[in-house]
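J.: Residue numbers (the numbering used here): -10 to 387. Supplied in C-alpha cells, the structure appears directly below.
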Amino acid sequence: MYVTIYPNPLHGEVIIPPSKSLTHRALICASLVKGKSIIYNPLYSDDTNATISCLKNLGVTITKLSDRIIVEGEGRYKLLGKLDGKESASTIRFLIPLVSHFVSDFSFHGSKRLTERLNTKDLLNLKGLKFDFFSDHVRVSGKLEDEINLSDSITSQFISGIIFLKPIKKININVPKNPYIDLTQSVVNYFLDHGKYVPREIIIESDFSSASFFIAMMLFNNIKIKGLNFDSLQGDKKIITFLEKMDAKFSNSNNRLLCLSGETKGIDLDLTLYPDLVPIMAAIASVSKGQTTIVGIEKLKYKESDRIKAIYLGLKQLGADIKYNKHNLIINGQDYLEGCATVDGFSDHRIIMSLVAISSKVKNPYTIKGFSEVNKSFPNFWDLYKSLGGKYECKVSN
-10 MYVTIYPNPL
0 HGEVIIPPSK
10 SLTHRALICA
20 SLVKGKSIIY
30 NPLYSDDTNA
40 TISCLKNLGV
50 TITKLSDRII
60 VEGEGRYKLL
70 GKLDGKESAS
80 TIRFLIPLVS
90 HFVSDFSFHG
100 SKRLTERLNT
110 KDLLNLKGLK
120 FDFFSDHVRV
130 SGKLEDEINL
140 SDSITSQFIS
150 GIIFLKPIKK
160 ININVPKNPY
170 IDLTQSVVNY
180 FLDHGKYVPR
190 EIIIESDFSS
200 ASFFIAMMLF
210 NNIKIKGLNF
220 DSLQGDKKII
230 TFLEKMDAKF
240 SNSNNRLLCL
250 SGETKGIDLD
260 LTLYPDLVPI
270 MAAIASVSKG
280 QTTIVGIEKL
290 KYKESDRIKA
300 IYLGLKQLGA
310 DIKYNKHNLI
320 INGQDYLEGC
330 ATVDGFSDHR
340 IIMSLVAISS
350 KVKNPYTIKG
360 FSEVNKSFPN
370 FWDLYKSLGG
380 KYECKVSN
C-alpha cells in the first residue's frame, strides 16, 4: 500500500491513545497473578494483540471489552497452543524468560524479520537457555540460570522479561539504569504485595511514544494535545526536554499541551536511552535551523527495519541534508523540504509516522510506501491526522 501526503496546515485538538508499553507490561503482570485483574483503557494494537494471543495460549483467561481487559491467571503458565509474536519483538523478549521458567522446551513464531531481530548477541546473557533459529520461529530450551551478569549491549526488553520473573524465581541480576526498565519495575511493583503478584486494577495512560509524532506536528501548526501525564515514568516524554533544548517552548495547562514557539535549532543529541525517538528527532532536525548530530543509534539496526538507514533514505529523498554512519546521524536543517518523491517506509510504523509528522514543512506532495503498518502501535493514527486537516490518499500501487 502507498499513501500520498498533501502538505497543508493542521489545527485542532487530539487525545493520544493509551500506552503500548504499559499495556504490554500490565498484561504480563496480570497474567502472573492467581486471580482476576482488570486493565482499563488498554491499547488494542497489533503488538498488544500478539501479547494477548500468546498469554491465552499459555493458559491465561483474557476477556477483551471496549474499555477494559479482564485477565484471570493461575499464577503459572502451561503451553496450550502456538506462541505467535507476529511482528512484536517486545512480546517475545518479555516472555522468553518467563515461559522458560514453566516450560522447558517451546517455540516462538513470528515473521522472518522478527526472527532476524531476535538473533543477536543479547541471547548470550540468558545463561542456561539454548536458542535454535529457523525462518519463521525460534526454539528455546533449557532453564535460565539463577545468576545473570548482563552486558551493556543487552536490550532492555530482555531485562524487563527477567524483572517480570524475579518475584517467582530467585535471580541475582545487575539491573542497569534505563527508563524502559524503570517503567517495567514500576508496573511489577504495583502488582506486588509482600513480594508476590496479586490481583490489581490499573488504568493505562496515554502513550508518549505515540504522542511524539503529534508533538512534532505542534511545532509547525496550531495543535493541542489533551491528557498527557507529565508525571509518567514513560521514557519518551523526554522528547519535550530535547525540544526545549532546541529552543521550542511549550505550555501545559488545563490538561492540554500547547506549543508557544516551534522554531527549533540544531543541537547535539545522545539518544542511547531513547532509541524510539531517533526517527522523529531526525525528522524534526531536518527542518530546524543549523546542524544536529544524533548519537546513540547503534541498536536501531535491529528494530522493525534498519531504522538508521530507513530514516536517512526517507529524509534524503524528501530533500534533507543528512548523512550517517554506524555511530551518528548528522543533519543540516532547512526551512522546508522539497517533497516530490516516493519514499520507502520499510514496513516500519515509526518511520512512516515520522515522515508524515513533518508534512507541514514539505513544499510538495510526496508518497510513502506503507500505510497499515501504523496499526502495530497507533491504530487510529490516520484518523487523528485527518481530524486535524491532514490530507492523504491511499493506493495499492504507485
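Backbone N, C-alpha and C fix where the C-beta goes; we use that ideal spot for every residue, glycine too. None of the values given here were measured: they were computed from a predicted structure.
Grab me the residues of Asp94's own chain with a C-beta within less than 7 Å of its C-beta, minus the 5 sequence neighbours each way, in chain order.
T.: Excluding residues within five positions, the ones whose Cβ falls inside 7 Å are Ser130.
J.: Is there contact between the stretch 176 to 194 and the stretch 358 to 377, where contact requires at least three CB pairs shorter than 8 Å?
T.: Verdict: no, contact absent.
J.: Candidates Ile58, Ser26 and Lys23: which alpha carbon is nearest Thr37's?
T.: Selected option, being the one with the closest Cα: Ile58.
J.: Of the residues Lys53, Arg102, Leu112 and Pro(-2), which one's Cα is nearest the Cα of Thr144?
T.: Ranking the options by Cα distance to Thr144, first place goes to Leu112.
J.: Check each candidate in Lys238, Asp225, Ser195 and Met207 and name the one with the smallest Cα separation from Asn394.
T.: Limits of the chain in this structure are -10 at one end and 387 at the other, which puts residue 394 out of reach.
J.: Tell me the start and end of each unbroken alpha helix (DSSP H) in the stretch 338 to 375 that is at least 4 residues and wholly inside, in chain order.
T.: You should have 338 to 346.
J.: Thinking Ile5 and Ile340 are a contact (beta carbons under 8 Å), I'd like their distance in whole angstroms, please.
T.: About 19 Å; that fails the 8 Å criterion.
J.: Anyone know if the C-beta pair for Ser34 and Lys9 falls short of 7 Å?
T.: Cβ atoms of Ser34 and Lys9: closer than 7 Å.
J.: Is Phe367 buried or exposed, if buried means 16 or more other CB atoms sit within 10 Å of its CB?
T.: Buried.
J.: According to DSSP, which residues form a beta bridge with Asn390?
T.: Since the first residue shown for the chain is -10 and the last is 387, residue 390 is missing from the structure and cannot be characterised.
J.: I'd like to confirm the pairing. Which residues does DSSP put opposite Leu72 in its beta bridges?
T.: Partner(s): Phe97.
J.: Where are the alpha helix (DSSP H) runs, 4 residues long or more, that stay fully inside the stretch 254 to 305, in chain order?
T.: Here the runs fully enclosed are 267 to 274.
J.: Is the Cβ-Cβ distance between Cys329 and Val(-8) less than 7 Å?
T.: Cβ distance not < 7 Å, so Cys329 and Val(-8) don't count as in contact.
J.: Distance check for Pro165 and Gly64, CA to CA, integer angstroms please.
T.: Their backbone Cα atoms lie some 27 Å apart in a straight line.
J.: Looking at the secondary structure, which residues open and close the alpha helix (DSSP H) in which Glu233 lies?
T.: That run of the alpha helix (DSSP H) goes Lys227 to Lys234.
J.: Could you check what DSSP says for Ile17 in three-state terms: helix, strand or coil?
T.: Reduced to three states, the DSSP call for Ile17 is helix.
J.: Can you name the residues that DSSP bridges to Ile137?
T.: DSSP lists Ile162 as partners of Ile137.
J.: Asp73: which of Lys23, Phe91 and Arg128 sits nearest, CA to CA?
T.: Considering only alpha carbons, the answer is Arg128.
J.: Considering only C-alpha positions, which residue in the set Leu133, Asp125, Arg106 and His126 is nearest to Lys119?
T.: Nearest of Leu133, Asp125, Arg106 and His126 to Lys119, Cα basis: Leu133.
J.: Measuring CA to CA, which of Ser336, Tyr325 and Leu262 is closest to Lys298?
T.: Answer by Cα proximity: Ser336.
J.: Distance, Cα to Cα, Ile137 vs Ile152?
T.: So the alpha carbons of these two residues sit roughly 12 Å apart.
J.: List the endpoints of the continuous alpha helix (DSSP H) containing His183.
T.: That residue, His183, is in no alpha helix (DSSP H); it is neither H nor E in DSSP.
J.: Relative to the C-alpha of Ser242, which residue among Asp257, Lys67, Gly216 and Ile27 is closest?
T.: Looking at the Cα atoms, Gly216 is the closest of the given residues.
J.: Does the separation of the CB atoms of Asn317 and Pro(-2) fall below 7 Å?
T.: No, these two residues do not count as a Cβ contact at 7 Å.
J.: Whole angstroms are fine: how far does the CA of Gln223 sit from the CA of Phe197?
T.: Phe197 and Gln223: Cα-Cα distance of roughly 7 Å.
J.: Flag this pair as yes or no: are the beta carbons of Phe83 and Ile17 separated by less than 7 Å?
T.: Yes, these two residues count as a Cβ contact at 7 Å.
J.: Express the C-alpha separation of Ser96 and Leu11 in angstroms, rounding to a whole number.
T.: Their Cα atoms are separated by approximately 25 Å.
J.: Is the separation between the beta-carbon of Gln146 and that of Ser79 shorter than 7 Å?
T.: A contact, by the Cβ cut-off of 7 Å.
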